[in-house]
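Enquirer: With the UniProt record's numbering applied, the sequence shown covers 1 to 210.
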Amino acid sequence: MEKQKTGFNYTALKLCSLLVAVYTIQTFSGFNPGFKPGEPFWKFFTSIIGHSGIEHLTNNLFFIALFGSIYEKWTSSKTFLTTFLISALAGNLTAFIFYPNSFIIGASAGGMGVMAALAAYRPNQIGLGLGVPLPMWAVLLSYILIDLSGLTAATNVANEAHLLGVLAGSIIGIQLRDKKYGKEKNSDNTELEDSWKQKIRDWEEKWMID
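(1) Can you have a look at residue 272 and say buried or exposed, based on whether 16 or more other CB atoms are within 10 angstroms of its CB?
(2) If you check the beta carbons only, do Ala-90 and Ala-107 fall under 8 Å apart?
(3) Does DSSP put Val-157 in a helix, a strand or coil?
(4) What is the C-beta distance between Phe-98 and Glu-160, in whole angstroms, given that I count them as a contact (C-beta under 8 Å)?
(5) Beta-carbon within less than 8 Å of Gly-50's beta-carbon, same chain only, minus the 5 sequence neighbours each way: which residues are those?
(6) What would DSSP say about Gly-131, mapped onto helix, strand or coil?
(7) Expressed to the nearest angstrom, what Euclidean distance is found between the alpha-carbon atoms of Ile-174 and Thr-79?
(8) Step through the CB atoms of chain C and report whether any lies within less than 8 Å of the CB of Phe-45.
(9) In the DSSP assignment, the alpha helix (DSSP H) including His-56 goes from what residue to what residue?
(10) By the DSSP assignment, the alpha helix (DSSP H) with Tyr-99 in it spans what residues?
(11) Sorted by chain position, which residues of the same chain lie with C-beta nearer than 7 Å to Ser-142's C-beta, five sequence neighbours on each side aside?
(12) Going by C-alpha distance, which of Leu-19, Ile-146 and Ile-126 is nearest Thr-58?
(13) Between Lys-14 and Ser-76, what straight-line distance do the alpha-carbon atoms span, to the nearest angstrom?
(14) Per the DSSP calculation, Ile-104 is bridged to which residue(s)?
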């Protein structure tokens with residue numbers, strides 16, 4: 001049975017606390033950490049921890065707290081945080097293509113990327129999809145379909161950013177999975193080789209050595 005990795009430091013929950021703190025600052029100060037082309041480039045990074053409203057924030061807290069904590073337990077805090085940042089920043093790239101005149105803000109691409117990485121790494125892990133317990137591959141598929149359907153709707157949801165985050169997270173999850181099974185395969189091959197070497201030594205001792 002596969003064992004959970006060590007290195008779980010509640011990083012996903014700490015990130016959620018940071019998002020709440022930033023949103024509180026936004027609410028009382030009026031500061032807008034969102035990014036759009038032409039804005040100071042540092043906002044390209046601050047935009048991934050800001051949110052446009054309480055519902056936006058709550059949805060992302062759910063994704064990060066649930067899927068992020070599971071993912072962090074099976075990998076590490078560092079891997080979780082790296083996956084989140086890469087996915088979130090990848091999602092922000094859509095601002096240059098699809099939203100040149102609009103602000104892009106939120107941790108959604110990062111949360112979706114973490115969910116996708118978990119689904120790629122552990123596809124049969126049980127998670128929640130639309131409130132229903134489902135294997136992670138089905139959870140991911142359900143949210144991808146929602147984002148695809150949103151591409152043709154007139155909303156303020158950056159579905160393209162979500163999907164790019166999913167792509168980035170999926171690539172990371174697949175690489176982790178390949179690395180894990182590659183190590184297991186090499187370990188199995190080494191054990192098999194050692195077993196045959198021992199059998200040969202036993203045969204030599206029995207038949208070749210006086």
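Idealized CB from N, CA, C, for every residue including glycine. Just so we're clear, the structure is a prediction, and the values are computed from it rather than from any experiment.
Expert: Taking the definition as stated:
(1) Only positions 1 to 210 of the chain appear in this structure, which leaves residue 272 out of reach.
(2) Cβ distance not < 8 Å, so Ala-90 and Ala-107 don't count as in contact.
(3) Correct three-state label for Val-157: coil.
(4) Right, their Cβ atoms sit about 5 Å apart.
(5) Answer for Gly-50: Val-22, Tyr-23, Gln-26, Asn-32, Pro-33, Gly-34, Ile-105 and Gly-106, listed in chain order.
(6) Gly-131 sits in coil when the DSSP states are folded into three classes, being neither helix nor strand.
(7) When rounded, the distance between both Cα atoms is 13 Å.
(8) Included in the structure is just one protein chain, with no chain C present.
(9) Start and end: 54-63.
(10) First-last for Tyr-99: undefined, no H or E at that position.
(11) A distance below 7 Å between beta-carbons, with the five flanking residues on each side excluded, links Ser-142 to the following residues of its chain, in chain order: Gly-129 and Leu-130.
(12) Closest by alpha carbon: Leu-19.
(13) Their backbone Cα atoms lie some 14 Å apart in a straight line.
(14) In DSSP, Ile-104 forms a bridge with Phe-35.
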